[in-house]
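Undergrad:
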Amino acid sequence: MTSTGRSGPPILGGAGGAKADDVDLAEADGQGAPIGRRIVLGMLGLGVAGVLVGDKVQAGIERALRPLSQNDPTGLTSFVPTSGRFRIYSVTAHMPDRSTADWRLGVDGMVATPLDLSYAALLDLPQTDVTHDFQCVTGWRVPDVPWTGVKLADLLDEAGVQDGATHVRLHSFDGAYTESLTLEQAHRDDVLVAHRMLGAPVTREHGGPVRLFVAPMYGYKSLKWLERIEVVDTLVPGYWEERGYDVDAWVGQSNGRSDEPTA
Amino acid sequence: MSAVTLGGGVAGAGSPGDATIARFSAAERALHWAVVVVLGTCALTGLVLYVGPLSAVVGRRTLVRDVHVVAGLATPVPFVLAYAGRWRAALRRDVRRLARWSSSDRRWLLSRGRCETAEVGKFNAGQKANAAFIAGVVPLMVVTGSIMRWYKPFPLPWRTGATFVHDWTAIGTWIVVAGHVLFALSRPPALRSMVTGRMSRAYAEDHHPRWAEATAEREGG
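Chains as they are written, first to last, in my numbering: chain W, 1 to 263; chain S, 264 to 484.
#1: Taking C-alpha atoms, which residue in D97(W), D133(W), E230(W) lies nearest to G160(W)?
#2: Within the chosen definition, does the stretch 446-465 of chain S reach the stretch 315-324 of chain S through at least 3 CB pairs nearer than 8 Å?
#3: With distances taken between CB atoms, is the gap from G268(W) to F427(S) smaller than 8 Å?
#4: Quick one: Cα of M264(S) to Cα of G460(S), how far?
#5: Is the shortest distance between the beta-carbon of V253(W) and the beta-carbons of chain S less than 8 Å?
#6: Is the stretch 441-455 of chain S close to the stretch 366-373 of chain S, with three or more CB pairs under 8 Å?
#7: Let me know the secondary structure DSSP gives F417(S) once reduced to three states.
#8: Do you know how far the Cα of M462(S) is from the Cα of D144(W)?
#9: Could you tell me how far apart the beta carbons of A334(S) and T308(S) are, in whole angstroms, since I believe they sit closer than 8 Å?
#10: Under 8 Å, Cβ to Cβ, is there at least one residue of chain S near V210(W)?
#11: Should the stretch 42-62 of chain W be regarded as contacting the stretch 191-206 of chain W, the criterion being three or more beta carbon pairs within less than 8 Å?
#12: Please list the terminal residues of the continuous alpha helix (DSSP H) segment that includes L299(S).
#13: Might you give, ordered along the chain, the residues of its own chain that have their beta carbon closer than 7 Å to the beta carbon of R412(S), omitting 5 neighbours on each side?
#14: Is there a C-beta anywhere in chain S that falls below 8 Å from the one on T234(W)?
#15: Curious, which full-length alpha helix (DSSP H) runs of at least 4 residues does the stretch 79-131 of chain W contain?
#16: So which residues on chain W does V495(S) lean against when the C-beta distance must stay under 7 Å?
#17: Give me the Cα-Cα distance between D281(S) and V330(S), rounded to the nearest whole angstrom.
#18: Looking at chain A, is there any beta carbon in it that lies within less than 8 Å of the beta carbon of A64(W)?
#19: Any beta carbon of chain S sitting closer than 8 Å to that of E260(W)?
#20: K391(S) lies in the alpha helix (DSSP H); which residues open and close that run?
#21: Please list the terminal residues of the continuous alpha helix (DSSP H) segment that includes G335(S).
#22: Given a cut-off of 8 Å on the beta-carbon distance, is the pair V232(W) and A165(W) in contact?
#23: Among T338(S), T478(S), V400(S), whose alpha-carbon lies nearest the alpha-carbon of W296(S)?
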């Protein structure tokens, strides 16, 4: 007698009950209802539904959890997938690490007076507070994130942009990441060189000590670990823009997405 | 190939306390431990990708992501190989046992293992639930992970939806597998049977009486 030759897909328990001569399966667990198959098919059904409507379910859970996740001293809710959490992305081998003492910010290129600012000098400039949702192009959104920093426009005005300049190019001290903005975009009141977010100094994971925050655009424009602002007269697409994302990254009007605008 | 050599086996000739029953074939054990390796790789790299402070310590996000994707795509491979040859016979039998639930299995699960032990066969309801869950997790994670990694051909909300499913399924899998490991560590004869292929007859009579009984009947002729 061989064990093959039964009908039905064995992985789902599709075969009928044990044959009378099959002493090996003549036990309680060789027969009965195909619950195993129901569990597997149920999971797959839920999974398909989750892929199709998960973005709406997720937004609903996020709204429901918002009071909880925004007053959570433990930070534990940030590990719940749908609590409006940041996901930490970086593009280089090692996540960059720079202390506030070692950090400098250069503003150069087509400017009248190049700047070289320390962290303390940045904090001495006029400060702006804004609160906006943070929307990632991969789909997650963090509601009502408070930011503090210096308007990028103020730094550009301080350095004095020369005639003929059209764009700024932003450089990260991770050594790889860059971003681009038109001068018009860079002069918006909600584009900050930010040193505080979520009520505390910007952490290393979030791009500290200083990062960019571009309120109306997808998260990849808000370059982390900022160290240099270069004024230029050509568009140089940024890191992700070279890899297929839109240069003008307005939330809800780019990258084929229809998210609610953030600013 | 006879049924006796597949599921039954020979009890030790010495004292009853030393006697063992064959429980898992070499192919079944190879499948189990191969799944441990690929799923474990997915779990650890996934944790690094998901938990921000851990990402900061480990770095090399692109490498970690690539390892995660390759390990993820490899999760069906051990199952395919286990079914690819003559060695699948014992596995097919055990899958049939795992797939079918008797009414006493349900009672056993609802009482969290405290009653109906007398009816338990080769696998209890917890083991059956674990096996079915993992069988569901593998295709679910491969498909949603592939949509996350290669999102271009799909409608954009699917990317968010796939992430949603992938994240929650991962958390569920961590919990289920943690339970599986804790149960295994607290029941050494069961864990040993997945290593050596054999289970002590005394333990089988206590925890899998219907299976021990059927095995004894077979041996008794």
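Even for Gly, the Cβ is constructed at its ideal location relative to N, Cα and C.
TA: The structure says:
#1: Along the first sequence, one-based indexing puts residue 160(W) at 160. Nearest option by C-alpha distance: E230(W).
#2: no
#3: This structure cannot settle anything about residue 268(W), because the visible part of chain W is limited to 1 through 263.
#4: The sequence position of residue 264(S) within the second sequence is 1, counting from 1. The sequence position of residue 460(S) within the second sequence is 197, counting from 1. Residue placement at M264(S) is flagged as unreliable, the pLDDT there being 36, under the threshold of 50; the coordinate-derived value follows with that caveat. Roughly 18 Å between the two C-alpha positions.
#5: Sequence index remark: in the first sequence, residue 253(W) carries index 253 (1-based). With the sequence shown as reference, residue 253(W) is identified as Gln, and Val is not the correct amino acid for it. So, not an interface residue.
#6: no
#7: Residue numbering aside, residue 417(S) sits at position 154 when the second sequence is read from its first letter. The answer is coil: DSSP assigns F417(S) none of H, G, I, E or B.
#8: To locate residue 144(W), count along the first sequence from 1; it is residue 144. To locate residue 462(S), count along the second sequence from 1; it is residue 199. Roughly 58 Å between the two C-alpha positions.
#9: Residue numbering aside, residue 334(S) sits at position 71 when the second sequence is read from its first letter. Residue numbering aside, residue 308(S) sits at position 45 when the second sequence is read from its first letter. At roughly 7 Å, the Cβ-Cβ gap stays under 8 Å, so A334(S) and T308(S) are in contact.
#10: As a working mapping, residue 210(W) is identified with position 210 in the first sequence. No, because no Cβ of chain S sits closer than 8 Å to the Cβ of V210(W).
#11: no
#12: Residue 299(S) sits at position 36 when you count from the first residue of the second sequence. The sequence given here has Val at residue 299(S), not Leu. Run containing V299(S): 289-313, per the alpha helix (DSSP H) assignment.
#13: In the second sequence, the residue the question calls residue 412(S) occupies position 149. Around R412(S): V332.
#14: Position 234 of the first sequence, counting from 1, holds the residue named residue 234(W). Output row for T234(W): interface = no.
#15: 119-124
#16: Any property of residue 495(S) remains undetermined from this structure, which presents chain S solely from 264 to 484.
#17: Residue 281(S) sits at position 18 when you count from the first residue of the second sequence. Residue 330(S) sits at position 67 when you count from the first residue of the second sequence. Cα to Cα, the separation comes out at about 44 Å.
#18: The structure shown has no chain A; the protein chains it does contain are W and S.
#19: The sequence position of residue 260(W) within the first sequence is 260, counting from 1. No, its Cβ sits nowhere closer than 8 Å to a Cβ of chain S.
#20: Within the second sequence, numbered from 1, the residue matching residue 391(S) stands at position 128. Counting along the chain, the alpha helix (DSSP H) containing K391(S) begins and ends at 388-412.
#21: Translated into positions along the second sequence, residue 335(S) becomes position 72. Counting along the chain, the alpha helix (DSSP H) containing G335(S) begins and ends at 324-337.
#22: What you label residue 232(W) is simply residue 232 of the first sequence in a count that begins at 1. What you label residue 165(W) is simply residue 165 of the first sequence in a count that begins at 1. Yes, Cβ-Cβ distance for V232(W) and A165(W) is below 8 Å.
#23: Here residue 296(S) corresponds to residue number 33 of the second sequence, with the count starting at 1. Of the listed residues, the one whose Cα sits closest to W296(S) is T338(S).
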